[in-house]
Amino acid sequence: MSKFQTSIHEYLETLPEHTFNRLYQKPATCLAIFRLLPPLGKQIIMSCLYVDRPIPVNEMKLWFKDGAGSIKQMEAMTRLKALHIFTDQHNNYRMNPTFLQEFRNALTGGGNSESFGLATSTPDKHHVDIAFLDDYATKQWEAILHFMVGTTEGKPPCKGVLNLLGRSGLMTGGSNAQAENMDAREFASQMARQDFGVPTITNKGFQFLLQDINTQVWAFLLQYLNMAESLNMDLVEVLTFFFQLGSLELGNDYSSEKLTPSQTHLLEDLKAYGIVYQRKRGSRRYYPTRLATTLTSGTPVMLGSHSHANKNNAAVAAAAARKSDEEEEDGHGFIVIETNYRVYAYTDSPLQIAVLNLFVHLRDRFPNMVTGVITRDSIRRALSNGITAEQIITYLSAHAHAQMRKHSPVLPLTVVDQIRLWEIEKNRLRAAPSWNYSQFNRQQDFESTLEYASELGVVQWSDSKRKMLCITNEGHQPVGAYVRKLIAKHKEQQAQQSQQQHQHQQQQHHHHTTSVHS
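With the UniProt record's numbering applied, the sequence shown covers 1 to 518.
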């Protein structure tokens, strides 16, 4: 199964140089990657943008103070070199000429303007506003999250979403351990047919729910990139389109006529995530949603629950955004926990309630609040689904009510300690694949095998009285070979003893015959 990633920075640094050379041919891509850089990296690029000569390493060091400034400069240059924006040749820093030219074009409006999306030439008869796009994006994205936590809110995800959820390890089913060797299309087909049983959230999936929306979206898109080749899609074209979406303007419609086949296919899949909107399949225009336009902006995505959204009233959406901003600034949450393990959640969001239900036994539900209790069974249920005690504690702390944040620590220590103790209790016995060796004929053989396995460090358990021992998977081959040598040695000894007995019997018979004749 593909490695699960959430950072676009980590992914980009794994790409080869020739891939970057293609990516940097688009001004929009150069601008997007620039926007993703830390402030010091941006400052270095802007300082070198119109310097038409290599910059000596010692000269650039003079731009920064000694000590911490020099260390930060080295860290920034390490990242810029990993992205192939700069190269270090003969103690000189040289900017990638393709990036240099196209980034200049991005800032000055030169080059190919279609890199930033092709605006439609005619007005849309079915034009939609920003409030509609926000509501659409919220519905589509929350449908995925609801499916992950096991609720029935909205329509179930399409095949493409099921594919990503399974192959990224966010969800697992009855037998999807075979997914590693499957083609992406085959995996999607089997997930859609529910051949893997009922999908359940994994440890990675719960960690995914704790992230902000922008990180969640990038996690999905990076997994899509990991599958691009198996779907016969051009990786560079897919990544270029992602960066292009980040440069588009929310509320405007764009033409899809000049998209490549890979990008056209991608557009269909992005509709399922709520990243773009098309009125119908095959439409020649599309609208980027807020999930798309904030991909490279670095600003958090503010989406309210669609159960409260009003697509015909932009003021409602704006008020919800202001409320979210205020709550974030003040550090407000919605969860109150008492020392008797009772939980009060001041929310009517089906998604937040569903997440709580993963590790809280919910009892009562009111118009704007739910109550429940943290029990041994509710925590063990969460632990059995791959959720860790630390993740539960982190989630409760991150969403603790403002009244609880006035205390230190935020959560009652009795509750925190008990959650950890329940995890320790569950983990006292751990299943591990092993090989059982038994039925030794001689105590000497058992002790010899045990001594050999102990020297290798592969013994999981042993019982001298019953002459039994368990060996790890790694130790099975050498220990098995040792036991086979013992068996072969015994057989050889038995054969020699049998031969000696036979010879002795023949000698006795010959002696008896000689005596009779005498």
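Glycine included, each C-beta is placed from N, C-alpha and C at the ideal position.
(1) Give me whichever residues DSSP pairs with C158 in a beta bridge.
(2) Helix or strand or just coil, what does DSSP make of L362?
(3) Let me make sure I understand the geometry here. Which of P156, M233 and L23 has the alpha-carbon closest to that of L267?
(4) Could you check the C-alpha separation between R322 and H146 for me, to the nearest Å?
(5) Please list, in chain order, all residues of the same chain as M404 whose beta carbon is under 8 Å from its beta carbon, the five residues on each side excluded.
(6) Taking all protein chains shown into account, decide if K26 is buried (16 or more other Cβ within 10 angstroms of its Cβ) or exposed.
(7) I need the boundaries of the beta strand (DSSP E) containing G372, first residue and last residue.
(8) If the criterion is Cβ atoms closer than 8 Å, does the pair I275 and V217 meet it?
(9) Buried or exposed: which applies to N163, given that a residue is buried once 16 or more other Cβ atoms fall within 10 Å of its Cβ?
(10) When DSSP labels each residue in this structure, what does Y346 get in the three-state scheme?
(11) What would DSSP say about N92, mapped onto helix, strand or coil?
(12) Tell me which residues share the same chain as S498 and place their Cβ nearer than 8 Å to its Cβ, disregarding the 5 neighbours each side in the sequence.
(13) Among the candidates T375, M148 and F243, whose CA atom is the shortest distance from the CA of V355?
(14) Please name the residue, chosen from P367, A272, K465 and P350, that lies closest to I443 on a Cα-to-Cα basis.
(15) Among the residues of its own chain, which have a CB less than 7 Å from the CB of A32, if the five just before and after it don't count?
(16) Does DSSP classify T120 as helix, strand or coil?
(17) If distances are taken between C-alpha atoms only, which option among V57, K72, N92 and A119 comes closest to residue 522?
(18) Taking the alpha-carbon positions, what's the R53 to S70 distance?
(19) Contact check, L40 vs K81 under 8 Å by CB: the rounded distance?
(20) When burial is assigned at 16 or more other CB atoms within 10 Å of the CB, is H84 buried or exposed?
(21) State the Cα-Cα distance for the pair E474 and R380, rounded to the nearest angstrom.
(22) Taking just the CA atoms, how far does A292 sit from D364?
(23) So for D463, helix, strand or coil by DSSP?
(24) Alpha carbon to alpha carbon, how far is A184 from M227?
(25) What is the rounded straight-line gap between the Cα of Y395 and the Cα of E142?
(26) Check whether the segment 386-401 touches the segment 414-426, counting contact only when three or more Cβ pairs, one atom from each stretch, lie closer than 8 Å.
(27) Taking the continuous alpha helix (DSSP H) assigned at R380, which residues delimit it?
(28) Taking the CB atoms as reference points, tell me whether T98 and Y24 lie closer together than 8 Å.
(29) Do G386 and T202 have their C-beta atoms closer together than 8 Å?
(30) If you draw a straight line from the alpha carbon of R279 to that of S7, how long is it in whole angstroms?
(31) Compare the beta carbon distance of Y254 and G169 with 8 Å and say whether it is the shorter of the two.
(32) So, for I392: in the same chain, excluding its five sequence neighbours on each side, which residues have a beta-carbon less than 8 Å away from its beta-carbon?
(33) Give the range of the alpha helix (DSSP H) segment to which W422 is assigned.
(34) Reducing DSSP to helix, strand and coil, say where T240 ends up.
(35) Return the Cβ separation of P38 and A76 in integer angstroms, given the expectation that the two are a contact with Cβ distance under 8 Å.
(36) Alpha carbon to alpha carbon, how far is M46 from T122?
Per the coordinate set shown:
(1) Its beta-bridge partners do not exist; DSSP assigns none.
(2) Here L362 sits in strand by DSSP.
(3) A check of alpha carbon separations from L267 across P156, M233 and L23 identifies M233 as the nearest.
(4) With a pLDDT of only 43 at R322, under the threshold of 50, the placement of this residue in the model should not be trusted, and no figure is reported.
(5) The residues are G333, I335, V336, I337, V410 and L411.
(6) K26 is buried by the Cβ-count criterion.
(7) Judged by DSSP secondary structure, G372 falls within the beta strand (DSSP E) whose first and last residues are M369 to V373.
(8) Yes, the Cβ-Cβ distance between I275 and V217 is below 8 Å.
(9) Burial check for N163: the Cβ neighbour count within 10 Å reaches 16 or more, so the residue is buried.
(10) For Y346, the secondary structure class from DSSP, reduced to helix, strand or coil, is coil.
(11) Of the three classes helix, strand and coil, the one that applies to N92 here is strand, per DSSP.
(12) Once the five neighbours on either side are set aside, S498 has no close Cβ partner at all.
(13) Out of T375, M148 and F243, M148 has the C-alpha closest to the C-alpha of V355.
(14) The question names Ile, but residue 443 in the sequence shown is Gln. The residue with the shortest Cα to Cα distance from Q443 is K465.
(15) The residues are F243, G246, S247 and T296.
(16) Assigned with DSSP and collapsed to three states, T120 falls in coil, not helix or strand.
(17) The displayed coordinates of the chain run from 1 to 518. Any statement about residue 522 would go beyond what the structure contains.
(18) CA-to-CA, the gap between R53 and S70 works out to about 22 Å.
(19) Not confirmed; about 14 Å, so no contact.
(20) When all chains shown are included, H84 counts as buried.
(21) Between E474 and R380, the C-alpha separation is close to 31 Å.
(22) So the two alpha carbons sit approximately 38 Å from each other.
(23) D463: strand per DSSP, three-state reduction.
(24) Confidence in A184 is poor, its pLDDT being 43 and thus under 50, which makes the residue's placement unreliable; the coordinate value appears in the next sentence. Those two C-alpha atoms are separated by around 7 Å.
(25) Note on geometry: alpha-carbon atoms of Y395 and E142 lie some 18 Å from one another.
(26) Cβ pair count under 8 Å is three or more, so yes.
(27) R380 -> alpha helix (DSSP H) spans R376 to S384.
(28) The Cβ atoms of T98 and Y24 lie closer than 8 Å to each other.
(29) The answer is yes: Cβ separation under 8 Å.
(30) Roughly 31 Å between the two C-alpha positions.
(31) Going by C-beta atoms, Y254 is not nearer than 8 Å to G169.
(32) Closer than 8 Å at the Cβ level, and outside the excluded window around I392, lie F359, I379, A382 and I419.
(33) Element bounds for W422: L413 to N427.
(34) Reduced to three states, the DSSP call for T240 is helix.
(35) Correct: roughly 7 Å between the Cβ atoms.
(36) A straight line joining the alpha-carbon of M46 with that of T122 spans about 37 Å.
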